[in-house]
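Working notes, beginning with the structure itself.
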Amino acid sequence: MLRVDFIFGLAPTTTLRKHVADLEASTTARFEASAKRGKVRRFKKFVDGAASWSRVERIIARVEVGAHGGDIRFVPRLPSRRSLTRRLEKHRNGDHSVASGRQKLIAVHQGG
């Protein structure tokens with residue numbers, strides 16, 4: 761089992777918010793159509809990488825709408841144990857090429 765000691769969120773940027781704009785609108789519509797008790801909470805997974813990041817990150821967005829308005833949180837998804845093991849093995853074998861891996865992920869994400 762993967763033990764998580766802490767988790768951190770990403771600051772909401774214009775780019776990240778674009779990924780969830782439709783989800784935010786539909787979540788607000790669901791709340792407005794409901795009995796307006798409690799909150800409507802929905803999630804979305806996507807891939808994004810800022811120019812200043814060393815790699816593309818898998819991100820989970822939580823969109824929540826309640827009586828006091830909306831709230832959006834962005835959290836980078838933790839890599840799987842298998843992925844972490846592969847990265848560690850590559851690092852031990854002298855492969856420190858994070859940048860080339862990032863370029864491959866960007867190409868895949870963009871359909872290239």
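To convert, take the position in the sequence shown, counting from 1, and add 760; that gives my numbering.
No residue lacks a Cβ here, since even glycine has one placed at the ideal position from N, Cα and C.
Inter-residue Cα distance where the pair is residue i and residue j
i: residue 785; j: residue 773; result: 17 Å
i: residue 810; j: residue 770; result: 11 Å
i: residue 768; j: residue 835; result: 7 Å
i: residue 825; j: residue 814; result: 33 Å
i: residue 796; j: residue 852; result: 54 Å
Rounded distance between the beta-carbons of residue j and residue i, thought under 8 Å
i: residue 818; j: residue 837; result: 4 Å
N- and C-terminal bounds of the alpha helix (DSSP H) containing residue i
i: residue 780; result: 774-793
DSSP-derived helix/strand/coil call for residue i
i: residue 850; result: helix
Range covered by the beta strand (DSSP E) that runs through residue i
i: residue 714; result: No statement about residue 714 is possible, as the shown extent of the chain runs from 761 to 872 and does not include it.
i: residue 798; result: Here residue 798 belongs to no beta strand (DSSP E), and DSSP marks it neither H nor E.
i: residue 818; result: 817-826
Candidates the options, of which the one nearest residue i by Cα
i: residue 804; options: 840, 816, 778; result: 778
Residue i Cβ short of 7 Å to the ligand PLP heavy atom set
i: residue 838; result: Although the ligand PLP was asked about, the structure shown includes no ligands whatsoever.
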